[in-house]
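Q: Those protein sequences? They're chains A and B, same order as listed. Quick note on our numbering: the first sequence kicks off at 1269 and runs consecutively. Quick note on our numbering: the second sequence kicks off at 48 and runs consecutively.
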Amino acid sequence: MNRLARLAISDEGFIFDPETGNSYTTNSTGVFILNLLKSGADEDEIVKALVEEYGVDEEEARRDLYDFLEQLRVYRLID
Amino acid sequence: MSVKVAVSGINAVDNPGPGVGIAKGIKESGMDVEIYGLAYDSMEPGIYMRWLFKRAFMMPYPSVGEDVFIERLLYIKAHHGLDVLVPALDAELPLVIKAADRLKEAGIHTFLPTYEQFKLRAKDRLPEVAERIGVKVPKTFVVSSYEGLVKATNELGFPVMIKGIFYKAKKAFNAAEATTHFNAIVSEWGYPVIVQEVISGEEMNVVGLGDGEGGHFGLVAIKKLWITSLGKIWTGVTVRNENLLNATERFVRELRWRGGFEFECIVKDDEIYLIEINPRFPAWVYFSAGVGVNLPARLMKAALGMEAERDWDYEAGKLYIRYTDDFVADMEVFQNVVVKGEV
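(1) In the DSSP assignment, find the unbroken beta strand (DSSP E) run with GLY66 (chain B) in it and report its ends.
(2) Can you name, in chain order, every residue of its own chain whose Cβ lies under 7 Å from the Cβ of VAL190 (chain B), other than the five neighbours on each side?
(3) Residue ranges of each alpha helix (DSSP H) run of no fewer than 4 residues wholly in the stretch 171-231 of chain B, ordered along the chain?
(4) Ends of the beta strand (DSSP E) at ASP258 (chain B)?
(5) Ignoring anything shorter than 3 residues, give me the beta strand (DSSP E) runs that lie fully in the stretch 106-144 of chain B, in order along the chain.
(6) Could you check if PRO174 (chain B) belongs to the surroundings of the ligand ATP, using beta carbon to heavy atom distance under 8 Å?
(7) Please name the residue, chosen from B:ASP79, B:GLY211, B:ASN230, that lies closest to LYS348 (chain B) on a Cα-to-Cα basis.
(8) If I follow the unbroken beta strand (DSSP E) through ILE274 (chain B), where does it start and stop?
(9) When the Cα atoms are used, what is the spatial distance from GLY77 (chain B) to LEU256 (chain B)?
(10) Note down, in chain order, each residue of its chain lying with its Cβ closer than 8 Å to the Cβ of VAL1315 (chain A), except the 5 sequence neighbours on either side.
(11) For the alpha helix (DSSP H) containing PHE334 (chain B), name the first residue and the last one.
(12) If contact is defined by three or more beta carbon pairs under 8 Å, each pair taking one atom from either stretch, is the stretch 245-262 of chain B in contact with the stretch 304-316 of chain B?
(13) Could you check where the beta strand (DSSP E) with ALA86 (chain B) kicks off and where it finishes?
(14) Would the beta-carbon of ASN15 (chain B) fall within 9 Å of that of THR1288 (chain A)?
(15) Quick check on this structure: which residue in B:ILE57, B:GLU296, B:GLU152, B:VAL267 has the alpha carbon closest to the alpha carbon of VAL284 (chain B)?
(16) Determine contact between the stretch 144-154 of chain B and the stretch 169-187 of chain B, defined as no fewer than three beta-carbon pairs at a distance below 8 Å.
(17) Work out the CA separation of VAL131 (chain B) and ALA350 (chain B) for me, nearest whole Å.
(18) Give the range of the alpha helix (DSSP H) segment to which SER1291 (chain A) is assigned.
(19) In terms of residues, what are the limits of the beta strand (DSSP E) holding GLY307 (chain B)?
(20) Shortest alpha-carbon distance to LYS124 (chain B) belongs to which of B:TYR333, B:LEU99, B:LEU150?
(21) Is the stretch 271-283 of chain B close to the stretch 59-66 of chain B, with three or more CB pairs under 8 Å?
(22) Measure the alpha-carbon distance for ILE82 (chain B) versus ALA70 (chain B) and round it to whole angstroms.
(23) The beta strand (DSSP E) spanning THR282 (chain B) covers which residue range?
(24) Counting only beta-carbon atoms, is PHE1336 (chain A) nearer than 9 Å to chain B?
(25) Helix, strand or coil: which one does DSSP assign to ARG102 (chain B)?
(26) By the three-class DSSP mapping on this structure, what secondary structure does ASN325 (chain B) have?
(27) Any idea which residues DSSP pairs LEU366 (chain B) with across the strands?
(28) Counting contacts by CB-CB distance shorter than 9 Å, is ALA350 (chain B) in contact with chain A?
(29) Taking Cβ to Cβ, would you say PHE298 (chain B) is nearer than 9 Å to ARG327 (chain B)?
(30) In whole angstroms, give me the CA-to-CA distance for GLY93 (chain B) and TYR162 (chain B).
(31) What residues in its chain sit with their C-beta under 6 Å from that of GLU1280 (chain A), if we drop five residues either side in the sequence?
(32) What is the residue span of the beta strand (DSSP E) that ILE57 (chain B) lies within?
(33) Would HIS126 (chain B) be called buried (16 or more neighbouring beta carbons within 10 Å of its own) or exposed?
(34) Please decide whether VAL284 (chain B) counts as near chain A, where near means a Cβ-Cβ distance under 9 Å.
(35) With the cut-off set at 9 Å, would you say GLU356 (chain B) and VAL338 (chain B) are in Cβ contact?
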């Protein structure tokens, strides 16, 4: 999760990686998840937080989280 | 009294020389300076940028020979004063490096690498430098025949980069393209030709100023965001990539580099692949001044024997934007340049 720690993430969903110069955009849910990942939360904790914050069921939250994590892996932002 | 500084490479065209960026940095040095532009063509835009270059002079091509070139500089010195010379074009460097002592005796100061350092960063010797500083180079073949090209591409597969020894780099995706690029480069630049593995990663460059004793007066690393069809940067962003900056510092330390340089790399995860080292500032050098590390001004100070600043704590995420502009000039300027060779 090293690479996440260095990311500058704005509340509006703009993400800048000062080491590679790459920038990304995401929505508010993405920012919510990224901030949890940066703070060291594990998958179960994030799923729980998503359920509480967005009122979705656990299965949906987990599916969406996995999908988002996969995108982060594609961009090499997490291992 | 003003410090008089002459800068070449004032061809601010679609493949711009570094001169205008260097002049902008020097202008912002906070010192009382007068900047002269040295041009090889009467249409070089810098000649007409009177707000930046107080005077402009036509220069003989370096290929004409050292004496003619130096005579021209001595003429400028005698008639208008000249304290510092900042050569910004590759073709001038060997000549000016060799003549540096002669110029110094005449009171014209430079801040350049040694001839040995200059030769060491040549494209065909990059693997040697890379090994010394602990970075990688793409697999490279230096070829001087068509058979050599075929052998290299058989070994590397496709795509490959086909490069001239000094200028031009083209990507070839198959044998036909490789042959076309090879022939074009040979007809323009001659042999040898460099055939190189393509590394996919982030293209990052560092501009810096070595002090000649293993230290430096600042580094600024960027990633190119947008390039022109000629591969020239159009927009970029500052980055703080510690691996890359550490490698650049090792280069400066190991070669005891003196003067401006551009360290061109591809960064792939934690690996640094060295692509090229330019022995002068790049055309985007003003970016360094814009983020608070005014390398052109520091070079001028170092040339004058002054203690230049060494802080280089720039911010990542600053954008460099190049744009086209236009302005109107008087025929008189053109006339003077053509008739008198100076304005």
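We treat Cβ as the ideally placed atom computed from N, Cα and C, and that holds for glycine.
A: If we stick to the structure as given:
(1) For GLY66 (chain B), there is no enclosing beta strand (DSSP E); the residue is found in the alpha helix (DSSP H) stretching over 66-74.
(2) Answer for VAL190 (chain B): LEU196, ALA199, PRO239, VAL240, VAL242, listed in chain order.
(3) The stretch 171-231 of chain B contains these whole alpha helix (DSSP H) runs: 173-180, 193-203.
(4) 249-258 is the extent of the beta strand (DSSP E) around ASP258 (chain B).
(5) Listed in chain order, they are 131-133.
(6) With respect to the ligand ATP, the structure offers nothing, as it holds no ligand at all.
(7) Out of B:ASP79, B:GLY211, B:ASN230, B:ASP79 has the C-alpha closest to the C-alpha of LYS348 (chain B).
(8) Residues 263-274.
(9) GLY77 (chain B) and LEU256 (chain B) have their C-alpha atoms some 19 Å from each other.
(10) So the list reads GLU1326, ALA1329, ARG1330, LEU1333, once near-sequence residues are dropped.
(11) Per DSSP, PHE334 (chain B) belongs to the alpha helix (DSSP H) from 333-337.
(12) Contact holds: three or more Cβ-Cβ distances are below 8 Å.
(13) It spans 80-86 - the beta strand (DSSP E) in which ALA86 (chain B) sits, taken as one unbroken run.
(14) Any answer about residue 15 (chain B) is impossible in this case: the structure gives chain B only from 48 up to 390.
(15) It is B:VAL267.
(16) These segments do not touch.
(17) One C-alpha to the other measures close to 7 Å.
(18) It is not in any alpha helix (DSSP H) - SER1291 (chain A) instead sits in the beta strand (DSSP E) that spans 1291-1293.
(19) Residue range 305-315 is occupied by the beta strand (DSSP E) that includes GLY307 (chain B).
(20) Residue B:LEU150 is the option with its Cα nearest to LYS124 (chain B).
(21) Counting Cβ pairs under 8 Å, three or more are found: they touch.
(22) Rounded to the nearest angstrom, the two C-alpha atoms are 7 Å apart.
(23) Counting along the chain, THR282 (chain B) sits inside the beta strand (DSSP E) bounded by residues 280-286.
(24) Not one chain B Cβ lies under 9 Å of PHE1336 (chain A).
(25) In the structure shown, the three-state DSSP call for ARG102 (chain B) is strand.
(26) Looking at ASN325 (chain B) - three-state DSSP - the assignment turns out to be strand.
(27) BP columns for LEU366 (chain B) point to B:VAL284.
(28) For ALA350 (chain B), the answer is no, since every Cβ of chain A falls outside 9 Å of its Cβ.
(29) No, the Cβ-Cβ distance between PHE298 (chain B) and ARG327 (chain B) is not below 9 Å.
(30) Near 28 Å, if we compare the C-alpha coordinates of TYR162 (chain B) and GLY93 (chain B).
(31) Answer for GLU1280 (chain A): no residue qualifies.
(32) For ILE57 (chain B), no beta strand (DSSP E) encloses it, and the DSSP letter there is neither H nor E.
(33) Classification for HIS126 (chain B): exposed.
(34) By this cut-off, VAL284 (chain B) is an interface position.
(35) Not closer than 9 Å, so no.
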